[in-house]
Structures are given as C-alpha cells and as structure tokens.
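Q: I have a structure I would like to understand better, so I am pasting it below and will then ask my questions one at a time.
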Amino acid sequence: MIKYIIHGGKPLNGRVVISGAKNAAVAILPATLLVDGVCKIENVPDISDVRLLLEILAHMGAKIRRLSPNELEIDCTRVHDGVAPMELVRRFRASYYLIGAQLGRFRHAQVALPGGCNFGPRPIDQHIKGFLAMGADVSQEGNFVYATAPENGLRGGRVNLDVVSVGATMNIMIGAVLANGTTIIENAAKEPHIVDLANFLNTMGAKISGAGTDVIKVRGVRSLRGGFYSIIPDQIEAGTYMAAAAAAGGDILVQNVIPKHMDCISAKLREMGAVVTEYDDAIRVEKVRRLRRAGVKTMPYPGFPTDMQPQIGVCMALAKGTSVITEGIYDTRFRYCAELNRMGASIQVDTKMAVIEGVEELHGCIVKACDLRAGAAMVIAGLAADGETTVEDAHYIERGYECFIDKLTALGADIRRIETPDRAKAENAG
Ligand code: EPU
92 MIKYIIHGGK PLNGRVVISG AKNAAVAILP ATLLVDGVCK IENVPDISDV RLLLEILAHM
152 GAKIRRLSPN ELEIDCTRVH DGVAPMELVR RFRASYYLIG AQLGRFRHAQ VALPGGCNFG
212 PRPIDQHIKG FLAMGADVSQ EGNFVYATAP ENGLRGGRVN LDVVSVGATM NIMIGAVLAN
272 GTTIIENAAK EPHIVDLANF LNTMGAKISG AGTDVIKVRG VRSLRGGFYS IIPDQIEAGT
332 YMAAAAAAGG DILVQNVIPK HMDCISAKLR EMGAVVTEYD DAIRVEKVRR LRRAGVKTMP
392 YPGFPTDMQP QIGVCMALAK GTSVITEGIY DTRFRYCAEL NRMGASIQVD TKMAVIEGVE
452 ELHGCIVKAC DLRAGAAMVI AGLAADGETT VEDAHYIERG YECFIDKLTA LGADIRRIET
512 PDRAKAENAG
C-alpha cells in the first residue's frame, strides 16, 4: 500500500527532465523477442510496468543487463518457448504485445490478459482481427488468448481497423515484421510511440514505412539483428508536469521533450492563460494569472490525448468559468471527478461528458488514485490545494511516472511517499 502525502499551495519552480515514453517502452521491450542479437536500449523509463515486463522477459530466457538506470542490454537469442507466468502477466496491462511478439518468434502464443481496467472494458478484437488476417488461428478462453500461426509462420495481410487503436496497430506491426510477405494496416493509429516502435524495429532490420500516417506497410524480413536504440521522451509525463505548473502555479522548464508531440497540450494551456514557450527540446510553462475556462474533446493523436484528460481536468477545476470535457476514447474515464469534488471542485459527469464549474481553491483531504493518470491528477490537485492531501493507492502512479516524488520535490513541492505492508497480501501470505 503506497500513499503520497502532499502539503499544497506551493508553486513549482525549476527544471524537470522527462523520462523515456512508457507506452513506447512497453511495446519495444516485448518486440526484442524478435531480435537475433543484443539490443542496447537507452532512455528506458524505470517504472513498475517496465520492471514487470523485464521480469517476464527474463522468465522466458532473455539475458538482461542494466548498464545504467535507464540503459538496458537485452539479448533474446536464447529465449525458450516459455509461456509468460500468469501472475506477472495479469498485473501488466499491455501484456497483449506478447501475443504479436510470441507469434512472430515462436509461431504460437498463450497470453493472460488483464481484466477490464478502471476506465471501462478494453477489448482486443482489433488485435485479433489483424492476426487472423495474417493467417493465425486465434481463440480467447476466459482471460487467456491462444494464437497459432500457420506452419511456415504468419503471412502478410491487409487489415482495416474498425477503431483507431494504438495497441492493435503496434501489435500487428510486431507480428508482421517477420511474416512472409507484406502487411498493410489501414486506419492505423498515429501516436508518437507508434513511430518510435517502427523506428526501433527498422533499426534492427525491419522494413516498415508509413508509421505516423494512417496507412502502415510492413514488408516481412527473414530476421532482425541487434542494435542500439534510444526511446523518445514521454509526451504524457511532460504534459503532466506542464499541467501541474499551470494548476499549482510557478515557472518550470520541462526538458527532454519533443515540442511537436506536445502541440495540442501546449495550445490548450495557452488558451487557458498559461504562458507556454517552446525551445528545441524543452518547454517552459509559467502561470501568470488565474486560468480561464476551456473545452476539450479527447481524440487519437494528433488530437488531445485521453491520457491527459484527468490532469487538464484539474486545471479546469481551478479555472474561471465553466469548462467541458468530452471523452472520445473510453466509456468511463471520469471516476477521478468524484475524488476532485471531495476536494471542493464542482464537476458534474454525464457518461462521456464532464461539466466543470471552476472554483477559486481546492482543499486537501484523503483521495484515491483510481488509475495511473487519475492518480497523477490527484497529485496535481494536492499540489494546488490548501492544506494536506493524502493520495491513496499511489502504486498506480508508479506504473508510469519515474521518480515522481523526487522530480516534484526538486521543483519545490512538499510531497512524501509512505509504503505500508498490504494487509490483505500479508494475511494471505500468512
Ligand atoms: N478498442 C477496441 N478494440 C480493440 C482495441 C481497442 O474496441 O481491439 C477500443 C478501446 O476500447 C478504446 C479505443 O479503441 O475505446 C482505443 O484503445 P487503444 O487500443 O488505442 O488503447 P490501448 O492500446 O489499449 C494505449 C495506451 C493507453 C492509452 C490508449 C489511447 C498503452 C500501453 N496504453 O492503450 O495508455 O489511453 O492507448 O491513447 O500504450 C496510460 O498510459 O495511462 C494508458 C491508459
């Protein structure tokens, strides 16, 4: 049980360096299963999702060396045809990338999927549609997916995604890299981490073109070789610090970012009255006045990311006027609003829409992190609020934010982490 205690009301000042992108890393690491040779990967975020994934790969026989906190050497040359251990895979939301990777490497896959997450069901029918188009036989029994490629391996296919899915686009790319023939993914997602995965695979010898557009072409190759790759900075981590400065006040320089990836977050914060200045690989955010209202609709990239919705929601809770958020990706991603209301916010939620009447102040109290980004939003609210805020279930936050406490403390926040033994687990162990 991890909780964060925050004494709010202190502006953030100084510099923060952004880590490698979680959602790129959780696809690139399973994709190393396809590589015959050593992959040296830099800028790997040291977060709990990545640590879990490395445990899974090690269990499958990968040789992993940590060269520095964010630099890994992974050698999957001798991985065996192992099934990833269920108790690890179930704790890992993006376990689905192991399907594409195992299919490509072993011609069959057996992967346990996590249950529905905290913001609604997360089907993988589009991933399955892709593998079927490449000739695989796929079945889903309970929380397990079983997939088998034809005897000679997957073959190229044409997949038109019914919904723009980040996970399906990347999973199909991973499966297609060593397939016989060419795979075309239409209506593909365009997020920066999709381009990053394609760049990683191409560095190792794949032939992928079109990543970053809605049509991706993967020409299958016989094998991938080892090489060196550096993961892009995390768009959402950067956006979270930007929103924190806009909500709590201050003047921060967010370093190691790709400003282009931040365009729609920067634009929204400017629209709300923050001063946002772009440099080559950094963004400065200053709060010079009370924020003003805005409207946001979350959409696939290059639209406003759903993973920034709770954080911008906190900015809106403190802005002058009535803001509206429409959630365009998930069925329910507003559970954090009830927690924010307990801190004095005034938010009404109607399924996929939240109407936020801005208030002048929030007040510290005990709140829960409902999921990773909702947890980050609670921390931002705590930084902006008067008094003491306790964010419970903060383990969610540690799935995706490297050194969150240290980075915020360096910016002047008063935040500490308390870990106590999980009573339920201790009782079970006993
Ligand atoms: N969908 C389907 N069928 C599918 C796949 C997706 O109907 O087969 C639907 C989903 O239910 C959702 C929409 O399509 O409504 C988009 O889902 P997508 O597949 O794009 O999401 P994902 O790949 O499961 C990734 C990120 C999420 C992020 C979404 C959207 C990873 C590991 N996760 O999830 O990140 O919210 O894309 O950008 O890359 C987070 O980092 O906090 C996080 C939740």
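The sequence shown begins at 92 in our numbering and counts up one residue at a time. Don't be surprised by glycine CBs; every beta carbon is placed ideally from N, CA and C.
(1) From E369 to A336, what does the alpha carbon distance come to, in whole angstroms?
(2) Assuming the contact rule is C-beta atoms closer than 8 Å, L431 and V470 should be a hit. Round their C-beta distance to whole Å, please.
(3) I'd like the span of the beta strand (DSSP E) that includes H199, first residue to last.
(4) The alpha helix (DSSP H) with Y332 in it runs from where to where?
(5) From I322 to K498, what distance separates their C-alpha atoms?
(6) Please indicate yes or no: does the CB of G99 lie closer than 6 Å to some heavy atom of the ligand EPU?
(7) Please check the pair I496 and I509, which I expect to be a contact at CB under 8 Å, by giving their CB distance rounded to whole angstroms.
(8) Which same chain residues end up closer than 8 Å to L179 when comparing Cβ atoms and leaving out the 5 residues on each side of it in sequence?
(9) When burial is assigned at 16 or more other CB atoms within 10 Å of the CB, is R106 buried or exposed?
(10) By alpha-carbon positions, which one of T500, R316, H486 and Y332 ends up nearest to R182?
(11) Does the ligand EPU have even one heavy atom less than 6 Å from the beta-carbon of Y421?
(12) Does the stretch 389 to 406 come into contact with the stretch 352 to 360, if we say contact requires no fewer than three beta-carbon pairs (one atom in each stretch) closer than 8 Å?
(13) Which residues bound the beta strand (DSSP E) around V458?
(14) At what residue ranges does the stretch 438 to 483 contain a whole run of the alpha helix (DSSP H), taking only runs of 4 or more?
(15) If we ignore side chains and look at the alpha-carbon of each, how far apart do V286 and D371 end up?
(16) If you count every other CB in all the chains shown that lies within 10 Å of the CB of F395, and 16 or more means buried, which is it?
(17) Between A378 and G340, which are expected to be in contact by the criterion C-beta below 8 Å, what is the C-beta distance as a whole number of angstroms?
(18) Check whether the Cβ atoms of M363 and A410 sit closer than 7 Å, and answer yes or no.
(19) Give a yes or no on whether the C-beta atoms belonging to V257 and A280 are separated by under 7 Å.
(20) Determine the closest residue to Q326 out of I96, I109, Y95 and Q193, with distance taken between C-alpha atoms.
(21) How many angstroms separate the CA atom of A240 from the CA atom of K131?
(22) Just the C-alpha distance for G152 and K298, rounded to the nearest angstrom, thanks.
(23) Residues in its own chain within less than 7 Å of M261 by CB, not counting five upstream and five downstream?
(24) H218: beta carbon under 6 Å from a heavy atom of the ligand EPU?
(25) On a Cα-Cα basis, can you pick out the residue from D253, P393 and A408 that is closest to V450?
(26) Can you tell me which of the three DSSP states S414 falls into?
(27) Spatial neighbours of R246 within its chain, please: CB distance less than 7 Å, with the 5 preceding and 5 following residues excluded, ordered by chain position.
(28) Less than 7 Å between the C-beta atoms of L252 and V268, yes or no?
(29) Check whether the Cβ of G305 lies closer than 6 Å to any heavy atom of the ligand EPU, and answer yes or no.
(30) Put K154 into one of helix, strand or coil per three-state DSSP.
(31) Please check the pair I192 and G221, which I expect to be a contact at CB under 8 Å, by giving their CB distance rounded to whole angstroms.
(32) What's the gap between the Cα of M177 and the Cα of I447?
(33) What are the complete alpha helix (DSSP H) segments, minimum 4 residues, inside the stretch 167 to 194?
(34) What's the gap between the Cα of A465 and the Cα of R313?
(35) Shortest alpha-carbon distance to R384 belongs to which of R375, A373, I403 and Y392?
(36) Would you grab the beta carbon distance between A365 and V376 for me? Rounded to a whole angstrom, and I think it's under 8 Å.
A: According to the structure data:
(1) E369 and A336 have their C-alpha atoms spaced approximately 15 Å apart.
(2) Not quite, the Cβ-Cβ distance comes to about 12 Å (not below 8 Å), so this is no contact.
(3) First-last of the beta strand (DSSP E) with H199: H199 to A203.
(4) Q326 to A339
(5) 20 Å
(6) Not so, every heavy atom of the ligand EPU lies at least 6 Å from the Cβ.
(7) I496 to I509, Cβ: 11 Å. No contact.
(8) L143, E146, I147 and H150
(9) So R106 counts as exposed.
(10) H486
(11) yes
(12) yes
(13) I457 to K459
(14) 463 to 475
(15) 20 Å
(16) buried
(17) Reading the sequence as shown, one finds Lys at residue 378 and not Ala. Indeed, because the Cβ distance is near 5 Å, the residues count as touching under 8 Å.
(18) yes
(19) If you check the CB distance, V257 and A280 come in under 7 Å.
(20) I109
(21) One alpha carbon belongs to A240, the other to K131, and they sit about 29 Å apart.
(22) 27 Å
(23) A118, Y188, I285 and L288
(24) yes
(25) A408
(26) Correct three-state label for S414: strand.
(27) M225, G226, A270, N271 and G272
(28) no
(29) Looking at the sequence shown, residue 305 is not Gly but Asp. The answer is no for D305.
(30) strand
(31) At residue 192 the sequence reads Ala, which differs from the Ile that was named. Not a contact, Cβ separation roughly 14 Å.
(32) In this structure, the straight-line span from the alpha carbon of M177 to that of I447 is close to 41 Å.
(33) 177 to 180
(34) 43 Å
(35) Ranking R375, A373, I403 and Y392 by Cα distance to R384 puts I403 first.
(36) 6 Å
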